[in-house]
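Novice: Counting from 119, one number per residue, gives the positions in the sequence shown under our numbering. Backbone N, C-alpha and C define an ideal beta-carbon position, used for all residues, glycine too. Remember, it's a predicted structure, so these values are computed and weren't measured experimentally.
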Amino acid sequence: MIKKKLASALLLLSMVGGVAVPAISFADTTVTATSSLQARLELITKLIQQLQVLQEQLKQLQAQEKEAQSGLKEDVKEFVSDIKEGETGDDVKVLQAVLALYPDVYPEGLVTGAYAKKTAAAVLRLQKKFGVKETDRIDKETRDLLNKLLKDNPVAFENIAEGGRVPCAIVPPGHLIAPGWLRKHRGVKPIVSVCQIIPPGIREKLGEGTSTPPVRENEAPVISMINSSTTYNGATITWKTDQSATSKVYYGLLSPIDINATSTLNTGNGYFTRDHSVTLSSLTASTTYYFVVESKNEDNKTARSEQMTFVTSSAPVTPDTTAPVVSVVSSTAATSTAAVSWMTNESATSKIYFGTMAPFDPSAMTTSTMMDGAFVTSHSLALSGLTASTTYYFVVESKDASNNVGTSSQVMFATLPIAMDTTPPVITSVSSVVSSSTATITWMTNEAASSKVYYSLSSSVDVTASTTLAMADTSLVTSHSINLSGLGSAATYHFVVESKDASNNIATSSEATFVTSSSGY
């Protein structure tokens, strides 16, 4: 409206100021050759009054123009941070607008505000076109290139009824909008429209006409401004259409998404609106979902977006205040050892308090402990150094990762008594080494035992007779050796060896003989 008023004011001023314009006839002020001088003066007076009014209007319009341009410049966009696939918002819209400058880079020309696969592919083509490092994100090198292109083709934002907040091109008077932006969306409006105030002649060259888009008949809705907000188990998808239409979202875990697949879910409503919002529920936390939005107008014309993504947030952590449940406590004891086992319903540590005092107090100074810090559900601890024939009392304890402690009730076990040993040692390998007056008798036993040799010059050695000679060593060993001395030379001796174990079990050998050598040999 400011543009039209300003143009009209300039036109009338040009008439008065002598600028060449088409002849205009005013019926009530026509001056003929026969008009009186008074009529000419009245005409001049009226024109001067109109000129003063128009000059005042021009000042007001110029002030409004300056204010509008000033506000627009404050909104001129540039890239100051990295952008990557999956992001949404105004920065992505500006990126898509710059990409749309080049039909060979971004033939789709979609300014949706969502950085999806088509936008990512266009970024790679732009990087290749201008010889910068090809990457799937807007890094510093690509950001510098985009800002250079924006300097030549500045972009701001304006609000339009059918699309909300959209990018527009700042085109100075006397300049034309970039040809790439003149491509039409479905033949209705340019990809990026002009937002700078420009003379009417240039606006006519752009082919924009009125700011109100023409009514489109029998065409599908145009989808724009797709956004998603998520929780750990849900998401809300919003978008806009240029005409009233229904709302539907297809979503799933597989990419590319197939709206006809049984694994693809969908939800929505049949209300006709331009502002769409669909809520998805029962989602899985920390999961990537793929989705497509769909809108259908009253003529059953359907539009679908390209595939987009969102990621649900992490599920809230609920504090664990429940202690492990201890069950199936059992024990197996020997004379000096015992094994205690139990189960828990969650992974937890293993600890046992044990002692011989009753009633049992786990905190008493006389209580012993054994533990294993591994988190398991099947627990087993081995106890050693116990006393035979003794009753032990114990309590088991398990602590989970949240330091919740579960304990058993008091349990007991008794160690076994030491078994009575009634088996004598087994004597083997009896031998002798002799001289004229000495002899060394050696043998082996299968368990530790003492050593003793009975010997005599008579056969049938009587180990019980007091007159029978004997030599002994009480050390408990398994390899035995006894030295005999003061023997007669060239004499035959008869002997029996004997060994006694710690339980006083006695074993004796059968009688054997040795012969001392003659004196001098």
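Helix, strand or coil for residue 383 per DSSP?
Specialist: strand
Novice: Count the other CB atoms within 10 Å of the CB of residue 358; is the residue buried (16 or more) or exposed (fewer)?
Specialist: Its Cβ being crowded by 16 or more others within 10 Å, residue 358 is buried.
Novice: Let me check one thing: in DSSP terms, what residues is residue 449 bridge-paired to?
Specialist: 458
Novice: Let me know the secondary structure DSSP gives residue 567 once reduced to three states.
Specialist: Residue state, collapsed to three classes: strand.
Novice: Is residue 360 helix, strand or coil by DSSP?
Specialist: Look at residue 360 here: in three-state DSSP terms it is strand.
Novice: For the alpha helix (DSSP H) holding residue 211, just list the boundary residues, first then last.
Specialist: 208-217
Novice: In terms of residue numbering, what span does the beta strand (DSSP E) encompassing residue 414 cover?
Specialist: 406-414
Novice: Work out the CA separation of residue 507 and residue 531 for me, nearest whole Å.
Specialist: Straight through space, the alpha carbons of residue 507 and residue 531 are spaced by roughly 10 Å.
Novice: With a threshold of 7 Å on Cβ separation, who are the neighbours of residue 196 within its own chain once the five nearest residues in sequence on each side are excluded?
Specialist: 265 and 268
Novice: Taking three-plus beta-carbon pairs below 8 Å as touching, is the segment 483-492 in contact with the segment 527-543?
Specialist: no
Novice: Quick check on the burial criterion: 16 or more other C-beta atoms within 10 angstroms. Buried or exposed for residue 143?
Specialist: Because residue 143 carries a pLDDT of 42, less than 50, the predicted location of this residue cannot be relied on, and the following value inherits that uncertainty. With fewer than 16 other Cβ atoms within 10 Å, it is exposed.
Novice: Would residue 211 be called buried (16 or more neighbouring beta carbons within 10 Å of its own) or exposed?
Specialist: buried
Novice: Going by alpha carbons, who is nearest to residue 338 out of 363, 616 and 349?
Specialist: 363
Novice: Classify residue 478 as helix, strand or coil using the three-state DSSP reduction.
Specialist: coil
Novice: Measure the alpha-carbon distance for residue 416 versus residue 401 and round it to whole angstroms.
Specialist: 31 Å
Novice: Throw me the rounded Cβ distance for the residue 344 and residue 423 pair, which I believe falls under 8 Å.
Specialist: 6 Å
Novice: When the Cα atoms are used, what is the spatial distance from residue 192 to residue 384?
Specialist: Summary for residue 192: the model assigns pLDDT 40, below 50, so the residue's position carries little reliability; its value from the coordinates is reported in the next sentence. Approximately 42 Å between the Cα atoms of the pair.
Novice: Express the C-alpha separation of residue 614 and residue 542 in angstroms, rounding to a whole number.
Specialist: 16 Å
Novice: Would you say the segment 553-570 touches the segment 473-487, given that touching needs at least three Cβ pairs under 8 Å?
Specialist: no
Novice: When the Cα atoms are used, what is the spatial distance from residue 463 to residue 514?
Specialist: 14 Å
Novice: Can you tell me the Cβ-Cβ gap for residue 545 and residue 512, rounded? I've got them flagged as a contact below 8 Å.
Specialist: In fact, because the Cβ distance is near 45 Å, the residues do not count as touching under 8 Å.
Novice: So, is residue 389 buried or exposed, given that buried needs 16 or more other C-beta atoms within 10 angstroms?
Specialist: Classification for residue 389: exposed.
Novice: Report the rounded CA-to-CA distance for residue 398 versus residue 430, giving the unit in angstroms.
Specialist: 11 Å
Novice: According to DSSP, residue 559 sits in a beta bridge with which residue or residues?
Specialist: Paired residue(s): 550 and 600.
Novice: Give me the Cα-Cα distance between residue 374 and residue 426, rounded to the nearest whole angstrom.
Specialist: Going from the Cα of residue 374 to the Cα of residue 426 covers about 10 Å.
Novice: Once the 5 residues before and after residue 240 are set aside, which same chain residues still bring their CB inside 6 Å of it?
Specialist: 217, 223 and 224
Novice: Report yes if the CB atom of residue 273 is closer than 7 Å to the CB atom of residue 234, and no otherwise.
Specialist: no
Novice: According to the neighbour-count rule (16 or more other Cβ atoms, all chains shown, within 10 Å of its Cβ), is residue 467 buried or exposed?
Specialist: buried
Novice: Ordered along the chain, which non-local residues of its own chain (more than five positions away) have a Cβ less than 7 Å from that of residue 548?
Specialist: 561, 615, 627 and 630, listed in sequence order.
Novice: Per DSSP, what kind of secondary structure is residue 613 in: helix, strand or coil?
Specialist: strand
Novice: Which stretch, first to last residue, makes up the alpha helix (DSSP H) that contains residue 262?
Specialist: 258-270
Novice: Out of 270, 509 and 348, which has the shortest C-alpha to C-alpha gap to residue 653?
Specialist: Examination of residue 653 is not possible in this model, given that the chain is present from 119 through 639 alone.
Novice: According to DSSP, is residue 588 part of a helix, a strand, or is it coil?
Specialist: strand
Novice: Looking at the secondary structure, which residues open and close the beta strand (DSSP E) in which residue 493 lies?
Specialist: 486-501
Novice: So residue 619 and residue 583 are supposed to be a Cβ contact under 8 Å. How far apart are they, rounded?
Specialist: The pair is not a contact, with the Cβ atoms about 24 Å apart (cut-off 8 Å).
Novice: In three-state DSSP terms, what is residue 421?
Specialist: strand
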